[in-house]
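Visitor: Structure provided below as structure tokens; questions to follow.
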Amino acid sequence: MTKAMSTKERLAIQRVLMPEQDAEQRSRNFTEVNLGLSKEQAIQEAQRCLNCKNRICVQGCPVQVSIPEFITALAEGDLLRSAQILQHDNALPAVCGRVCPQESQCEAKCVHGVKGQPVAIGYLERFVADWAMTHANQLDSAVLAAASGTGRC
Ligand code: SF4
404 MTKAMSTKER
414 LAIQRVLMPE
424 QDAEQRSRNF
434 TEVNLGLSKE
444 QAIQEAQRCL
454 NCKNRICVQG
464 CPVQVSIPEF
474 ITALAEGDLL
484 RSAQILQHDN
494 ALPAVCGRVC
504 PQESQCEAKC
514 VHGVKGQPVA
524 IGYLERFVAD
534 WAMTHANQLD
544 SAVLAAASGT
554 GRC
């Protein structure tokens, strides 16, 4: 079992930059400019979250997504649990992760923003939602296992 990171260690992590197509490339196609985070980038960004007891970021979310919980699961590398938490609260996380104005909602409330940059909640929502779409079989199996009383959900 790995040692839990300290608050100081979490605060020292820089906010991730969203990879994007370069200008020349994107002028020649109609695909998304933002390319999405890699798993390693997403987990590192999730490790910035302080899992605050006062879940102030949730207050900024119109649908009250369990933000600290889905991010903490992601930081622990448990993508299945992270996706389950996210999908429990929001039927369209891949859309919200792309089009919600997080800078004036959840991220505007994040305590990291007091002295630096907020946790990239929108990027993480998009990452987990996209992961869930490509791992639907794992999510379905987890739901079936929970329904039969043999697994967690
Ligand atoms: S306010 Fe920021 S650091 Fe605290 S739980 Fe929410 S996302 Fe994490």
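Position 30 of the sequence shown, counted from 1, bears residue number 433 in the numbering used here, the numbering being contiguous throughout.
By construction, the Cβ of each residue, glycine as well, lies at the ideal position given by its N, Cα and C atoms.
Should Thr499 be counted as a contact of the ligand SF4 given a C-beta to heavy atom distance under 6 Å?
Guide: Correcting the residue identity first, residue 499 is Cys in this sequence and not Thr. Checking the Cβ of Cys499 against the ligand SF4 gives no.
Visitor: Pop quiz: Gln450 and Arg413 are said to be a contact at Cβ under 8 Å. What is the actual Cβ separation, rounded to whole angstroms?
Guide: About 6 Å separates the two Cβ atoms, so the contact holds.
Visitor: What does the alpha-carbon distance come out to for the pair Ala494 and Arg431?
Guide: If you take the alpha carbons of Ala494 and Arg431, they lie about 33 Å apart.
Visitor: Under 7 Å between the Cβ atoms of Ala523 and Glu472?
Guide: No, they are not a contact pair.
Visitor: For Cys509 and Cys464, which I take to be in contact (beta-carbon distance under 8 Å), what is that distance rounded to the nearest angstrom?
Guide: Yes, they are in contact, since the Cβ atoms of Cys509 and Cys464 sit about 5 Å apart, within 8 Å.
Visitor: Beta-carbon within less than 6 Å of Leu482's beta-carbon, same chain only, minus the 5 sequence neighbours each way: which residues are those?
Guide: Within the same chain, Leu482 has close Cβ partners Trp534.
Visitor: Cβ of Pro465 within 6 Å of any heavy atom in the ligand SF4?
Guide: Checking every heavy atom of the ligand SF4 against the Cβ of Pro465, none is found closer than 6 Å.
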